[in-house]
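Visitor: Numbering of the sequence shown is given in our numbering, commencing with residue 166 and proceeding in unit increments. Mind looking over this structure? Questions follow.
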Amino acid sequence: MNLAEAIYRHSQRLPDEAAREALDFIEFLEQRYGVKPAEAAATPREFREPGSARGKLEVVADDDDHLADFKDYMP
Numbered sequence: 166m167n168l169a170e171a172i173y174r175h176s177q178r179l180p181d182e183a184a185r186e187a188l189d190f191i192e193f194l195e196q197r198y199g200v201k202p203a204e205a206a207a208t209p210r211e212f213r214e215p216g217s218a219r220g221k222l223e224v225v226a227d228d229d230d231h232l233a234d235f236k237d238y239m240p
């Protein structure tokens, strides 16, 4: 059992109020030592199949009507 597992097992036996104090202390130590909080740590992204958005987006090639909206900004 590693250190993190030992801390976890001990925290499970504590009453909720004491477990909250332990969590507050751990967050204090993270701040003191410049460690990113657990919520800010990178979370792995869900795998996306290449081409899974096929058919969900339509590109209109010959549509110049929308350019009139930008007439004031174009030379």
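Glycine included, each C-beta is placed from N, C-alpha and C at the ideal position. Computed from a predicted model, the values in this text were never measured in an experiment.
I need the DSSP call for F190, collapsed to helix, strand or coil.
Guide: helix
Visitor: So the alpha helix (DSSP H) Y173 belongs to, where does it begin and stop?
Guide: 168–178
Visitor: Between A184 and S176, which are expected to be in contact by the criterion C-beta below 8 Å, what is the C-beta distance as a whole number of angstroms?
Guide: 5 Å
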